[in-house]
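J.: I am attaching a structure below and will ask some questions about it afterwards.
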Amino acid sequence: MTIATRAPAAFRRFHRLRRTPALRSLVREARLDPAAWVLPVFVDARLAEPTPIASLPGHSRWPVSRVVELAERAAAARIGGLLLFGLPDEKDDGGAAADPLGPVPSALRAIRRAVPGIALIADVCLCEYTTHGHCGVLSRDGGIDNDATLPLLCAAATSYAEAGADLVAPSDMMDGRVGAIRAALDVAGHTETAILSYAAKFASAFYGPFREAADCAPQFGDRTAYQMDPPNAREALAEIATDLAEGADMIMVKPAGPYLDVIAAARARLDVPVAAYQVSGEYAALHAAAERGWIDLERAAVESLVGITRAGADVICTYFALEAAAWLGR
Ligand code: PBG
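The numbering used here applies: residue 16 is where the sequence shown begins, and numbers increase by one.
Quick look at the structure:
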């Protein structure tokens, strides 16, 4: 008995375009480009030598006197920008954030002079500068005084603009701060300094390693009364719209991996650059799993960056920036 052979019912052969590395590369939808990445940099006024951060493998806190070396490395890797965080000599009630001789303004001036070709972004927040570790001024009842915090943020942003920041990036999540900072910058003559607002910043468990790196864990309570509640995506879009209305030039979603839906929704609705911050815990978790031999670091890291890019992020702040640029360059 012969069995009739005929062409199977038509089905689509997806495999054809996956057959070789050349074909896969040809039809790739999302491409990684270090020019769209921002490297977080910790500048510590108390140090004379770079000091490794245990919770962020491969990263150090840098003294002002040496931070240009890191900026040069980033520029050589064709990374698009640096995001500067400062650890002051001494913490106070938050005023130290605006000190023109503080770690961030000093580093901005040094890098601006030595490495002109890289975008400089200054994080604006009080938590690294306050003795209590909260992002704002404390109110009498032990909460955060939103409105009393705004002038301090404005002073810090103005000081960073003065020192040469291309963008100031408020990450404190106080209401009304983008409008206040825009007005302060304009009055001081810094009309060309842009604002990258951490508009949708969630109260995340993934910030753990950063708080060790920046020495800014709250000494009591947590940040849930000012950062966003993780389930709220609609509210994130309202936060973003509000910051744009107040004058933000770019917005950021943070963290990135657990909030890809927010990135995608923001990208679909808006015509401004959308940034995403792959935060310290996202980075440290991949490193920790790789150290145990449970995942391949390079493949997992690249896949995480591809996911954030595919979701629609134009710019990615990532601790993988230098490593991943080296991987892509091979
Ligand atoms: C606060 C700030 C934080 C991060 C950036 N800016 C920490 C926080 O809100 O507790 C987290 C970044 C990271 O985890 O990589 N100024």
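Yeah, the Cβ is synthetic: ideal placement off N, Cα and C, and Gly gets one too.
Can the beta-carbon of Ala165 be found closer than 9 Å to that of Met188?
T.: For the sequence presented, residue 165 should be read as Leu rather than Ala. No, they are not a contact pair.
J.: So Ala271 and Ala248 are in contact, right, with Cβ under 8 Å, and what is the actual spacing, rounded?
T.: Their Cβ separation, rounded to whole angstroms, is 14 Å, which puts Ala271 and Ala248 out of contact at 8 Å.
J.: Any C-beta of chain D sitting closer than 9 Å to the C-beta of Pro72?
T.: The structure shown has no chain D; it contains just one protein chain.
J.: Let me know the secondary structure DSSP gives Cys332 once reduced to three states.
T.: It is a strand residue.
J.: Under 5 Å from any heavy atom of the ligand PBG, by CB: list those residues in chain order, please.
T.: That query returns the following residues: Cys140, Cys142, Ser186, Tyr222, Phe225, Val294 and Ser295.
J.: How would you write the range of the alpha helix (DSSP H) that Phe353 sits in, first residue to last?
T.: No information on residue 353 is available, as it lies outside the stretch 16 to 345 that the chain covers here.
J.: Whole angstroms are fine: how far does the CA of Ile94 sit from the CA of Pro55?
T.: Their Cα atoms are separated by approximately 11 Å.
J.: Considering only the beta carbon of each residue, do Val82 and Val58 sit closer than 9 Å?
T.: Cβ atoms of Val82 and Val58: closer than 9 Å.
J.: Identify whether Ser70 lies in helix, strand or coil by the three-state DSSP scheme.
T.: Ser70 falls in the coil class under three-state DSSP.
J.: Would you mind reading off the limits of the beta strand (DSSP E) that contains Arg81?
T.: Unbroken run through Arg81: none, as it is neither H nor E.
J.: If you follow the beta strand (DSSP E) that Pro185 is part of, which residue opens it and which one closes it?
T.: From DSSP, the beta strand (DSSP E) with Pro185 extends over Leu182 to Pro185.
J.: Distance check for Leu38 and Arg31, CA to CA, integer angstroms please.
T.: C-alpha separation (whole angstroms): 9 Å.
J.: Can you list, in chain order, the residues of its chain with a C-beta nearer than 7 Å to that of Gly117? Leave out the 5 residues immediately preceding and following it.
T.: Answer for Gly117: Ala60, Gly101, Pro103 and Ala111, listed in chain order.
J.: May I ask you to report which of helix, strand or coil DSSP gives Thr257?
T.: It is helical.
J.: Just curious, the beta strand (DSSP E) that Ala214 is in, first and last residue?
T.: First-last of the beta strand (DSSP E) with Ala214: Ala209 to Lys216.
J.: Enumerate in chain order the residues of its own chain whose CB-to-CB distance from Ala90 is below 7 Å, with the five nearest sequence positions on each side excluded.
T.: These residues qualify, in order along the chain: Val130, Gly132 and Ile133.
J.: Put Ala25 into one of helix, strand or coil per three-state DSSP.
T.: Reduced to three states, the DSSP call for Ala25 is coil.
J.: Between Thr333 and Asp114, what straight-line distance do the alpha-carbon atoms span, to the nearest angstrom?
T.: If you take the alpha carbons of Thr333 and Asp114, they lie about 27 Å apart.
J.: For Ala45, which of helix, strand or coil comes out of DSSP?
T.: Coil at Ala45, not helix or strand.
J.: Can you give me the C-alpha to C-alpha distance between Gly262 and Thr173, rounded to a whole angstrom?
T.: Spanning the two alpha carbons is a distance of roughly 15 Å.
J.: Looking at the unbroken alpha helix (DSSP H) that takes in Ala198, where does it start and where does it end?
T.: Looking at the DSSP string, the run of the alpha helix (DSSP H) that includes Ala198 is Arg192 to Val202.
J.: Hey, quick one: how far does the alpha helix (DSSP H) through Asp264 stretch, first residue to last?
T.: Run containing Asp264: none; DSSP gives neither H nor E here.
J.: Identify, in the order they occur along the chain, each residue of the same chain with its Cβ nearer than 8 Å to the Cβ of Leu47, setting aside the five sequence neighbours on each side.
T.: These residues qualify, in order along the chain: Val317, Leu320, Val321, Thr324, Ala339 and Leu343.
J.: Please determine, among Met243, Ile196 and Leu211, the residue with the shortest C-alpha to C-alpha distance to Ala218.
T.: Ranking the options by Cα distance to Ala218, first place goes to Met243.
J.: How long is the line joining the alpha carbons of Leu85 and Ala125, rounded to whole angstroms?
T.: So the alpha carbons of these two residues sit roughly 12 Å apart.
J.: Can you name the start and end residues of the beta strand (DSSP E) that Leu98 belongs to?
T.: Element bounds for Leu98: Gly96 to Leu102.
J.: By alpha-carbon positions, which one of Glu143, Ala176, Trp77 and Leu71 ends up nearest to Gly296?
T.: Gly296 has its Cα closest to that of Leu71, out of Glu143, Ala176, Trp77 and Leu71.
J.: So, are the CB atoms of Ile210 and Ala184 less than 9 Å apart?
T.: Yes.
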